[in-house]
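Peer 1: Everything in the sequence shown is counted per numbering that gives the first Met the number 0, starting at 0 for the first residue and increasing by one.
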Amino acid sequence: MRSQNKMIRLPEVMNTVGLKKTAIYKMIKVGEFPKPVSLSKGAKGWLESEVQRWIGQRSGIASANDGQREAVEGTLVNASASVLADMLKAPLDGEALGAHEIARITGYALERDQVKWLTNNKWRFHLGGDGRPVLGRMYARLRLCGIDPELFFAR
Numbered sequence: 000m001r002s003q004n005k006m007i008r009l010p011e012v013m014n015t016v017g018l019k020k021t022a023i024y025k026m027i028k029v030g031e032f033p034k035p036v037s038l039s040k041g042a043k044g045w046l047e048s049e050v051q052r053w054i055g056q057r058s059g060i061a062s063a064n065d066g067q068r069e070a071v072e073g074t075l076v077n078a079s080a081s082v083l084a085d086m087l088k089a090p091l092d093g094e095a096l097g098a099h100e101i102a103r104i105t106g107y108a109l110e111r112d113q114v115k116w117l118t119n120n121k122w123r124f125h126l127g128g129d130g131r132p133v134l135g136r137m138y139a140r141l142r143l144c145g146i147d148p149e150l151f152f153a154r
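(1) Excluding the five sequence neighbours on either side, which residues of its own chain have a C-beta within less than 7 Å of the C-beta of Glu49, listed in chain order?
(2) Let me check one thing: in DSSP terms, what residues is Gly135 bridge-paired to?
(3) Report the residue from Tyr138, Glu149, Val36 whose alpha carbon sits nearest the alpha carbon of Glu168.
(4) In terms of residue numbering, what span does the alpha helix (DSSP H) encompassing Leu9 cover?
(5) For Ser37, which beta-bridge partners are listed by DSSP?
(6) Hey, would you say Leu38 sits closer than 8 Å to Met6, going by beta carbons?
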């Protein structure tokens with residue numbers, strides 16, 4: 000489990016939330032994103048727990064899961080509340096997500112961009128024979144709910 004008081008620098012913040020530097024600073028200016036903390040002269044950082052809380056607020060998930068969600072990296076980076084609601088209501092048609100479902104989670108239509116997003120956000124997946132990402136349905140549901148699926152895997 001990761002420390003909730005870890006300081007993260009701008010590149011990691013950008014990767015975690017899926018936003019560019021200018022978008023982050025515009026949101027800070029209008030009070031829509033956590034302000035950085037001064038670490039030293041010219042160096043700033045964010046509390047990882049504040050960034051994860053912001054992700055949770057943007058996704059519409061109740062704060063009751065904040066402690067558990069903070070331990071899961073990249074859980075809801077591009078997934079909106081509607082994506083989460085749709086995933087939870089969808090029938091378990093198969094064990095793997097369809098291409099359109101992966102696109103809704105990652106925010107990318109192209110397979111190469113989906114693979115990059117899944118890799119950067121430390122999601123477990125594999126590539127099918129056609130080079131498309133294959134992602135387990137239950138795994139995705141757990142990640143989208145802020146639950147660490149690794150807790151269910153034998154080591």
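We put the CB at the ideal spot given by N, CA and C, even for glycine.
Peer 2: According to the data block:
(1) Pro33
(2) Ala95
(3) There is no way to answer for residue 168, as the model of the chain reaches only from 0 to 154.
(4) 9-16
(5) Ser37 pairs with Lys43.
(6) yes
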